[in-house]
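Heads up: the sequence shown begins at 93 in the numbering used here, then just goes up one per residue.
Even for Gly, the Cβ is constructed at its ideal location relative to N, Cα and C.
Keep in mind that this is a model prediction, so the values were computed, not measured.
These notes concern the structure reproduced below.
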Amino acid sequence: MLNRYLYRLYDTIISRGYVEIERLDFDELPGRQGIIEGRLKFHDGSLLEFDEFIIFRNEQIAKLRYAYHYQNESGEVIFRYDNAPHYPNILTYPHHKHVGSTVEPTQVPDLSDVLREIEQMIFNSD
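This is the structure we're talking about:
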């Protein structure tokens, strides 16, 4: 099941011909766990760095830890999704999204959702 998830993730990335894969690593760990790390570059020079620590349990993939960090070509953060437990007052704790200096509640994102959000930003600004 971990391999199937990895293949789906890879297919999600390569189906977007405008994305350059700078790094994509997967380490399978004992206990039906794995770590996925990646860095994707977009045609405008912006970057998405992401990591997921996943586990297969109860017949599904669960994200124990994740971060999706999107920044412009100058290195300024545009947004970041993560589940670091440092905002306990957020309604969706520990899941949250950083946008500028604000922190917003959010559900656990999927890479395809994050890529669609980036696409809207990039292609609506051209």
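Original post:
Residue ranges of each alpha helix (DSSP H) run of no fewer than 4 residues wholly in the stretch 103-166, ordered along the chain?
Top reply: none
Original post:
Taking one C-beta from the stretch 122-132 and one from the stretch 142-149 each time, how about it: are there three or more such pairs within less than 8 Å?
Top reply: yes
Original post:
Taking the C-alpha atoms as reference points, what is the distance between Tyr160 and Val169?
Top reply: Walking along the sequence shown from the start, residue 160 turns up at place 68. Walking along the sequence shown from the start, residue 169 turns up at place 77. Rounded to whole angstroms, Tyr160 to Val169 spans 11 Å at the Cα level.
Original post:
Which whole-angstrom value describes the C-beta separation of Gln233 and Ser138, a residue pair presumed to lie in contact below a C-beta threshold of 8 Å?
Top reply: Past the edges of the chain, shown from 93 to 218, lies residue 233, and the structure says nothing about it.
Subject >> Candidates Asn181, Tyr173, Pro177, of which the one nearest Gly192 by Cα >> reply: Start at 1 with the first residue of the sequence shown, and residue 192 comes out as number 100. Nearest option by C-alpha distance: Tyr173.
Subject >> Three-state secondary structure assigned by DSSP to Ile170 >> reply: Counted from its first residue, the sequence shown places residue 170 at position 78. Note: Ile170 maps to strand in three-state DSSP.
Subject >> Distance between beta carbons of His188 and Val195, contact taken as under 8 Å >> reply: Sequence index remark: in the sequence shown, residue 195 carries index 103 (1-based). Sequence index remark: in the sequence shown, residue 188 carries index 96 (1-based). About 5 Å; that satisfies the 8 Å criterion.
Subject >> Assigned secondary structure, Val206 (DSSP; H/G/I helix, E/B strand, else coil) >> reply: Translated into positions along the sequence shown, residue 206 becomes position 114. In this structure, Val206 counts as helix in the three-state DSSP scheme.
Subject >> Contact belief for Phe45 with Met93 at Cβ below 8 Å, rounded distance in angstroms >> reply: Nothing can be reported for residue 45, as the shown portion of the chain is limited to 93 through 218.
Subject >> 8 Å CB neighbourhood of Ile210 in its chain, flanking five on each side removed >> reply: The count along the sequence shown starts at 1 and reaches residue 210 at position 118. Contacts found: Phe134, Ser138, Leu140, Tyr162.
**OP:** Would you mind giving the Cβ-Cβ distance between Pro182 and Pro197, rounded to the nearest angstrom? I have them listed as a contact below 8 Å.
**Re:** In the sequence shown, residue 182 corresponds to position 90, counting from 1. In the sequence shown, residue 197 corresponds to position 105, counting from 1. Note that residue 182 is Ile in the sequence shown, not Pro. Right, the Cβ-Cβ distance comes to about 5 Å (below 8 Å), so this counts as a contact.
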